[in-house]
Amino acid sequence: MDVRKNMGRSLRWAALLVVGAAFGTACGDRRDDPPGLSADVLEWLKGWAEPIRNEPDPVTGFPKLLRRKADGAEMILVPGGTYWMGAVPQDETALDDEKPRHRVELPSFYMDVNEITVAQFQSFVASTSYVTEVEKSEKGGYVVGKPPDMKGSYGGTWRSAPHEGDGVSSQPDHPVTQVTWNDAVAFSAWAKAELPSEAQFEYVLRGGTDGTVYPWGDALVVHPPQANLPGDELIRLYPGWKGVYAKGHEDAFPWTAPVRSFKPNTFGLYDLSGNVSEWCRDPFVMYDEDPSWAYEPEATPSRVMRGASWYSHIGRIRCSWRTQANPGFARSRWGFRCAKSLPARDAR
Ligand SMILES: [Ca+2]
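Quick note on my numbering: the sequence shown kicks off at 51 and runs consecutively.
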């Protein structure tokens with residue numbers, strides 16, 4: 051587990067100083083010389099990623115931005131920190147599974163700049179001949195339906211939509227959908243990365259703040275729109291829909307949008323809210339529950355899904371919203387991105 055609650059700050063800083071000295075990065079002998087990356091860091095990167103800039107992060111000594119070799123993904127080094135995870139006090143709509151609000155400390159970690167795209171997933175399939183779970187199944191993945199009842203249908207895959215305009219896009223720069231948690235784990239292993247933990251996801255979703263209902267404040271609707279959410283553009287297309295959508299919000303995308311269509315957050319990450327909801331690696335357990343049962347060999351826990359999608363009920367756009375899903379299910383509004391922890395000795 052990378053979640054380190056209540057870690058002593060003094061211990062953390064002591065570790066930081068020791069490793070910082072070992073890497074010789076934070077305090078270069080000559081201020082005119084860029085310190086470069088240490089041999090240990092270059093060795094860690096070898097085989098799976100390369101730095102986009104050689105400039106090391108002064109705290110960890112690792113590059114701030116790197117490119118994954120397998121699929122070309124850009125990963126940003128998210129600085130570690132402490133935050134309040136869970137429902138904020140002013141949120142009267144929060145559900146029991148979002149409480150209690152609790153303090154979480156995270157070491158620095160890498161996070162994909164954008165959601166895994168169809169093109170990136172295509173690279174994975176081309177390299178491995180991987181067949182997704184819904185492609186193996188008879189009925190395929192669930193696809194959002196149309197008015198008047200919006201009843202969905204099955205038959206979707208990551209490659210194509212079963213019906214025109216059903217919200218699944220196979221465009222290369224859109225987020226891949228119709229992938230199960232198991233598919234996402236297989237992709238991550240191929241990419242030599244991992245799915246983010248739930249604590250990592252909420253941390254980056256909040257973007258360095260931890261006191262607001264939404265990443266952009268306490269009001270759902272803001273101008274200009276900050277994310278691809280279900281707004282007036284969707285209701286115009288589906289006027290019979292009775293769903294609880296973000297009335298007054300309007301963006302240009304009734305379904306998925308090309309990744310990076312909206313501004314990045316303060317960490318430099320795109321689409322954490324909106325576009326597609328994203329798989330996290332953790333089993334779903336209540337915050338005040340002993341999670342050990344979920345890690346027993348015979349356990350088959352649901353997995354955490356986080357972040358709003360193009361089709362989310364407004365209650366699911368809040369930062370603390372969390373849900374659980376069968377790791378073998380896929381939807382036209384679910385996707386994922388990868389993260390990667392630093393080596394344990396350097397995690398700070
Ligand atoms: Ca939208």
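C-beta atoms are modelled at their ideal positions from N, C-alpha and C, and glycine is treated no differently. Note that this is a predicted model, so its numbers are computed, not measured.
Assign Met355 to one of two classes, buried (16 or more other C-beta atoms within 10 Å of its C-beta) or exposed (fewer than that).
-> Stepping through the sequence shown from its first residue, residue 355 is reached at position 305. Answer is buried; the Cβ neighbour count reaches 16.
Three or more C-beta pairs closer than 8 Å, one from the stretch 109 to 119 and one from the stretch 227 to 234: is that the case here?
-> Verdict: no, contact absent.
Quick one: complete beta strand (DSSP E) runs, 3+ long, within the stretch 332 to 397?
-> Look at the stretch 332 to 397 and you find these whole runs of beta strand (DSSP E), each 3 residues long or longer: 353 to 356, 373 to 375, 389 to 391.
Would a C-beta distance cut-off of 8 Å place Ile367 and Ala269 closer than the cut-off?
-> Position 317 of the sequence shown, counting from 1, holds the residue named residue 367. Position 219 of the sequence shown, counting from 1, holds the residue named residue 269. No, the pair does not count as a contact, with Cβ atoms beyond the cut-off.
Taking only heavy atoms of ligand 1 into account, decide whether any of them is closer than 7 Å to the Cβ of Phe303.
-> Counted from its first residue, the sequence shown places residue 303 at position 253. Because some heavy atom of ligand 1 lies under 7 Å away, the Cβ of Phe303 counts as near it: yes.
Through-space distance from Phe334 to Ser342, alpha-carbon basis | Working through the sequence shown from its first residue, we reach residue 342 at position 292. Working through the sequence shown from its first residue, we reach residue 334 at position 284. Near 11 Å, if we compare the C-alpha coordinates of Phe334 and Ser342.
N- and C-terminal bounds of the alpha helix (DSSP H) containing Trp285 | Stepping through the sequence shown from its first residue, residue 285 is reached at position 235. Residue identity differs from the one stated: residue 285 is Ile in this sequence, not Trp. 282 to 287 is the extent of the alpha helix (DSSP H) around Ile285.
Thr178 (DSSP reduced to helix, strand or coil) = Numbered from 1 along the sequence shown, position 128 holds the residue referred to as residue 178. Three-state DSSP puts Thr178 in a helix.
Buried or exposed: which applies to Met161, given that a residue is buried once 16 or more other Cβ atoms fall within 10 Å of its Cβ?
-> One-based indexing of the sequence shown puts residue 161 at position 111. Looking at its Cβ environment, which holds 16 or more other Cβ atoms inside 10 Å, Met161 is buried.
CB-CB length for Pro265 against Asn315, believed under 8 Å | As a first step, residue 265 is located in the sequence shown; it is residue number 215 there, counting from the start. As a first step, residue 315 is located in the sequence shown; it is residue number 265 there, counting from the start. About 6 Å separates the two Cβ atoms, so the contact holds.
Return helix, strand or coil for Ala296, following the three-state DSSP convention.
-> The residue labelled residue 296 in the question sits at position 246 within the sequence shown. Ala296 falls in the coil class under three-state DSSP.
Proximity winner among Gln172, Ser210, His273, Ser187, relative to Ser382 (alpha-carbon distances) = Along the sequence shown, one-based indexing puts residue 382 at 332. Put simply, of Gln172, Ser210, His273, Ser187 the residue whose alpha carbon is nearest the alpha carbon of Ser382 is Ser210.
Just to confirm, are Gly206 and Gly191 a CB contact at a threshold of 8 Å?
-> As a first step, residue 206 is located in the sequence shown; it is residue number 156 there, counting from the start. As a first step, residue 191 is located in the sequence shown; it is residue number 141 there, counting from the start. The Cβ atoms of Gly206 and Gly191 lie closer than 8 Å to each other.
Ends of the alpha helix (DSSP H) at Tyr253?
-> As a first step, residue 253 must be located in the sequence shown, where it is residue number 203. 248 to 256 is the span of the alpha helix (DSSP H), which, as asked, contains Tyr253.
Assigned exposure category for Met38 - 16 Cβ within 10 Å defines buried | Residue 38 lies beyond the range of the chain shown here (51 to 398); nothing can be said about it.
Rounded to whole angstroms, what's the CA-CA distance from Pro101 to Lys201? Just pull it up for me.
-> Taking the sequence shown and counting its residues from 1, one reaches residue 101 at position 51. Taking the sequence shown and counting its residues from 1, one reaches residue 201 at position 151. The C-alpha of Pro101 lies about 46 Å from the C-alpha of Lys201.
For Tyr180 and Ala389, the rounded distance between their alpha carbons = Counting from 1 along the sequence shown, the entry for residue 389 is found at position 339. Counting from 1 along the sequence shown, the entry for residue 180 is found at position 130. Taking the straight line from one Cα to the other gives about 21 Å.
Decide if the stretch 231 to 242 is in contact with the stretch 117 to 132; the criterion is three or more beta carbon pairs, one per stretch, under 8 Å apart.
-> Touching, yes.
So what does DSSP say about Asp141, is it helix, strand or coil?
-> Taking the first residue of the sequence shown as position 1, residue 141 is located at position 91. Look at Asp141 here: in three-state DSSP terms it is coil, with no helix or strand label.
Give the single residue among Ser352, His152, Ala394 whose Cα lies nearest to the Cα of Asn376.
-> As a first step, residue 376 must be located in the sequence shown, where it is residue number 326. Looking at the Cα atoms, Ser352 is the closest of the given residues.
Within the present structure, is the beta-carbon of Asn278 separated from the nearest heavy atom of ligand 1 by less than 7 Å?
-> Against the sequence shown, residue 278 aligns to sequence position 228. Yes, the Cβ of Asn278 comes within 7 Å of a heavy atom of ligand 1.
8 Å Cβ cutoff met for Val272 and His363 = Position 222 of the sequence shown, counted from the first residue, corresponds to residue 272. Position 313 of the sequence shown, counted from the first residue, corresponds to residue 363. No.
Ile166 to Glu348 span [Cα, whole Å] = On the sequence shown, position 116 is the one that residue 166 refers to. On the sequence shown, position 298 is the one that residue 348 refers to. Distance from the CA atom of Ile166 to the CA atom of Glu348, rounded to whole angstroms, is 30 Å.
Residue-level contact to chain C via CB, Thr306, 8 Å cutoff = As a matter of chain content, chain C is missing from the structure shown, which is built from one protein chain.
Just the Cα atoms here: how many angstroms apart are Gln276 and Lys313?
-> The sequence position of residue 276 within the sequence shown is 226, counting from 1. The sequence position of residue 313 within the sequence shown is 263, counting from 1. About 7 Å.
Shortest alpha-carbon distance to Leu245 belongs to which of Gly385, Ala394, Ala302?
-> The residue you call residue 245 lines up with position 195 of the sequence shown. Closest option to Leu245, Cα to Cα, is Gly385.
Could you tell me if Leu392 is buried or exposed, where buried requires 16 or more neighbouring beta carbons within 10 angstroms of its beta carbon?
-> For this step, residue 392 is matched to residue 342 along the sequence shown. Under this definition Leu392 is a buried residue.
7 Å Cβ shell around Leu87 - same chain, five flanking residues per side excluded = Here the question's residue 87 lines up with position 37 in the sequence shown. Pro101, Asn104, Pro106, Pro113, listed in sequence order.
Glu283 CB to nearest heavy atom of ligand 1 below 7 Å | In the sequence shown, counting from the first residue as 1, residue 283 sits at position 233. With a cut-off of 7 Å, the C-beta of Glu283 is classified as near ligand 1, since at least one heavy atom of the ligand falls inside that distance.
Could you check what DSSP says for Asp162 in three-state terms: helix, strand or coil?
-> The count along the sequence shown starts at 1 and reaches residue 162 at position 112. The answer is strand: DSSP assigns Asp162 an E or B state.
In whole angstroms, what is the alpha-carbon distance linking Trp134 and Tyr320?
-> Taking the sequence shown and counting its residues from 1, the one referred to as residue 134 is at position 84. Taking the sequence shown and counting its residues from 1, the one referred to as residue 320 is at position 270. Taking the straight line from one Cα to the other gives about 21 Å.
What separation, rounded to the nearest whole angstrom, lies between the Cα atoms of Phe159 and Val184?
-> Position 109 of the sequence shown, counted from the first residue, corresponds to residue 159. Position 134 of the sequence shown, counted from the first residue, corresponds to residue 184. Looking at the two C-alpha atoms, the distance is approximately 31 Å.
Whole-angstrom distance between Gln170 and Ser203, CA atom to CA atom = To locate residue 203, count along the sequence shown from 1; it is residue 153. To locate residue 170, count along the sequence shown from 1; it is residue 120. Looking at the backbone, the Cα of Ser203 and that of Gln170 are separated by about 26 Å.
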